[in-house]
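Working notes, structure below.
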Amino acid sequence: MGFGVSELLILLLIVALLFGTKKLRNMGGDLGSAIKSFRGAIKEKDETEELSDSSNDKPTGEVIEGKVESQDEDSSKN
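Pasting the structure below:
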């Protein structure tokens, strides 16, 4: 129950008659620019993630000073 070439051509003709070719051309251009900006935003996001990942290569942390007590000693005191 798919569309054949003849059905698609008839549908395209009806859409062109309803909207006009100038409006269809404008809608196509708007759609193309929207897709282009979307792709650019995704590419920019990926580049910023790569930069932030490379800056986190050096491990950071703190040294905690204190006495270590085992849990066995704590439980025997109770």
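Just so we're aligned: 65 in my numbering is position 35 of the sequence shown, and the numbers increase by one with no gaps anywhere. Beta carbons are placed, not taken as given, at the ideal position from N, Cα and C, and that holds for glycine. Note that the structure is predicted; figures quoted are calculated from it, not measured.
Helix, strand or coil for residue i, going by three-state DSSP, please let me know.
{"i": "glutamate 99", "result": "coil"}
{"i": "glycine 62", "result": "helix"}
{"i": "valine 93", "result": "coil"}
{"i": "phenylalanine 68", "result": "helix"}
{"i": "phenylalanine 33", "result": "coil"}
Using the Cα positions of residue i and residue j, report the straight-line distance between them to the nearest angstrom.
{"i": "serine 36", "j": "serine 67", "result": "34 Å"}
{"i": "glycine 59", "j": "isoleucine 72", "result": "20 Å"}
{"i": "alanine 64", "j": "lysine 53", "result": "16 Å"}
{"i": "glycine 70", "j": "aspartate 76", "result": "10 Å"}
{"i": "serine 82", "j": "glutamate 74", "result": "12 Å"}
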